[in-house]
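For any residue, its number in the numbering used here is found by taking its place in the sequence shown, counting from 1, and adding 1311.
Using N, Cα and C, we set each Cβ at its ideal position, and we do this for glycine too.
The structure displayed is predicted, hence computed values, not measured ones.
In what follows, a structure is listed as structure tokens, so that the remarks can point back to it.
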Amino acid sequence: MALVGRANVGKSTLLNKMVGKKVSIVSNIPQTTRYQIRGILTDKEKGQIIFIDTPGLYASKDRLSKYLHLSLNKARDDADLIYYVVDVTRAPGAEEERLMRDLSRIKKPLVMVMNKMDKGQGFSAEFISAWQANTVDNGNLKFFIPVSGLAGTNIKELILVTYSLLPEGPMYYPEDTVTDFPKDLSAADIVREKLFAFLKDEIPHALTVVIDELEERKNKLLYIKATVLVNTASQRQIVIGKKAQNLKEVGTLAREELQELFKKRVFLEILVKAENRWRNDPEILEKLRFFD
Ligand code: GDP
Ligand code: MG
């Protein structure tokens, strides 16, 4: 099943909550989910749910954005059920209504997941009437469900509804799998998340992290070499900080989380490069798996 919705509505947070583990990067900087991420939930009796987290919708025209659109379409085509995730703290605007019209035409059952209810009812009534106004006979909608991905409210109920709407099929993954996301991309996501969280508004969206090495060395030490790519020399300086202070702190935070994820001691090396136009560089895009 696919999670679809605008950037920042809480898709990745919800996925992590449902699977019970951090499989998808969460950041309050929009558009951070660049890859299609699968989260897997297995219940011995009820079966296996495969969640696909898709990037939010984009307006920009560079090459990276085209891949994002492709992966959104792919998720829609591959899924048996769609979660349309909305943020009730923000009023539905024209872009949201366009998305509603597009989604209602897909011939797949759809659940409107009204997220961030920990902040109150917000615009939930407006979302329901916008859906009704933009669809014919409610389209493919099965339920409206209020949840909080952050607080975990109604998540069990959402899982039950999901099992009831999904068709039966084979188990695709071993019971204990929670994600099929590759290790290097997980490591890159963690470094990126820490950069975003630590540097907040100072750094632009034009930033990516590539893992050049990830290997176990002597003494069971996991050696990880990450390169942060930015567009300009001044962005590079911001990321590094005075006396490399930013980079040190980001490194410490990232290393702690990497050790938790891989259950190993980690040696993390972070380099920062000003590499103009990486978004159109085939070699870098390949490392980021945009040529799957
Ligand atoms: P995505 O872009 O749709 O994947 O959204 P994220 O999962 O990255 O979340 C975007 C922001 O919304 C983050 O700052 C989250 O902490 C926040 N968020 C997500 N779910 C909730 C929720 O249920 N309640 C509140 N208050 N904030 C949330
Ligand atoms: Mg996300």
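Consult DSSP for residue i and reduce its assignment to one of helix, strand or coil.
{"i": "P1457", "result": "strand"}
{"i": "V1489", "result": "coil"}
{"i": "I1340", "result": "Because the pLDDT of I1340 is 49, which lies under 50, any placement of that residue in the model is unreliable, and the number read from its coordinates should be weighed accordingly. Three-state DSSP puts I1340 in coil, outside helix and strand."}
{"i": "M1482", "result": "coil"}
{"i": "L1577", "result": "Per the sequence shown, residue 1577 should be read as Val rather than Leu. Strand, per DSSP."}
{"i": "V1447", "result": "coil"}
{"i": "E1543", "result": "One point to set straight first is that residue 1543 is Thr, not Glu, in the sequence displayed. Reduced to three states, the DSSP call for T1543 is coil."}
{"i": "K1606", "result": "Nothing about residue 1606 can be read from this structure; the chain reaches only from 1312 to 1603."}
{"i": "L1310", "result": "Coverage of the chain is limited to positions 1312 through 1603, which leaves residue 1310 absent and any answer about it impossible."}
{"i": "L1510", "result": "helix"}
{"i": "D1603", "result": "For D1603, the pLDDT reaches just 39, beneath the cut-off of 50, and the residue's location in the model is therefore unreliable, although a value from the coordinates is still provided. D1603: coil per DSSP, three-state reduction."}
{"i": "I1518", "result": "The question names Ile, yet the displayed sequence has Leu at residue 1518. Of the three classes helix, strand and coil, the one that applies to L1518 here is strand, per DSSP."}
{"i": "K1584", "result": "strand"}
{"i": "Y1369", "result": "Unreliable positioning characterises Y1369 in this predicted model, as indicated by a pLDDT of 49, which lies under 50. The coordinate reading is nonetheless provided below. Coil."}
{"i": "D1270", "result": "Outside the displayed range of the chain (1312 to 1603) lies residue 1270, so it cannot be described from this structure."}
{"i": "V1334", "result": "coil"}
{"i": "Q1432", "result": "coil"}
{"i": "K1553", "result": "helix"}
{"i": "N1530", "result": "helix"}
{"i": "A1402", "result": "coil"}
{"i": "A1318", "result": "coil"}
{"i": "A1390", "result": "coil"}
{"i": "A1499", "result": "helix"}
{"i": "E1597", "result": "helix"}
{"i": "A1462", "result": "coil"}
Quick check: is any heavy atom of the ligand GDP less than 8 Å from the C-beta of residue i?
{"i": "D1500", "result": "no"}
{"i": "M1428", "result": "yes"}
{"i": "V1577", "result": "no"}
{"i": "T1446", "result": "no"}
{"i": "A1555", "result": "no"}
{"i": "T1490", "result": "no"}
{"i": "G1460", "result": "yes"}
{"i": "L1525", "result": "no"}
{"i": "V1334", "result": "no"}
{"i": "V1550", "result": "no"}
{"i": "V1330", "result": "no"}
At which residues does the beta strand (DSSP E) containing residue i begin and terminate?
{"i": "Q1359", "result": "1358-1364"}
{"i": "L1314", "result": "1313-1315"}
{"i": "D1398", "result": "1393-1398"}
{"i": "L1421", "result": "1421-1426"}
Looking at the secondary structure, which residues open and close the alpha helix (DSSP H) in which residue i lies?
{"i": "N1557", "result": "1556-1573"}
{"i": "K1329", "result": "Sequence check: residue 1329 is Met here, not Lys. 1322-1330 is the extent of the alpha helix (DSSP H) around M1329."}
{"i": "M1411", "result": "1405-1415"}
{"i": "L1469", "result": "1466-1476"}
Per DSSP, which residues does residue i bridge with? Please list them.
{"i": "E1524", "result": "K1536"}
{"i": "G1350", "result": "F1362, T1490"}
Can you tell me whether residue i sits near the ligand MG, meaning its C-beta is under 8 Å from at least one heavy atom of the ligand?
{"i": "A1544", "result": "no"}
{"i": "K1322", "result": "yes"}
{"i": "A1261", "result": "Because the chain here runs from 1312 to 1603, residue 1261 falls outside it and cannot be looked at."}
{"i": "D1364", "result": "yes"}
{"i": "A1318", "result": "yes"}
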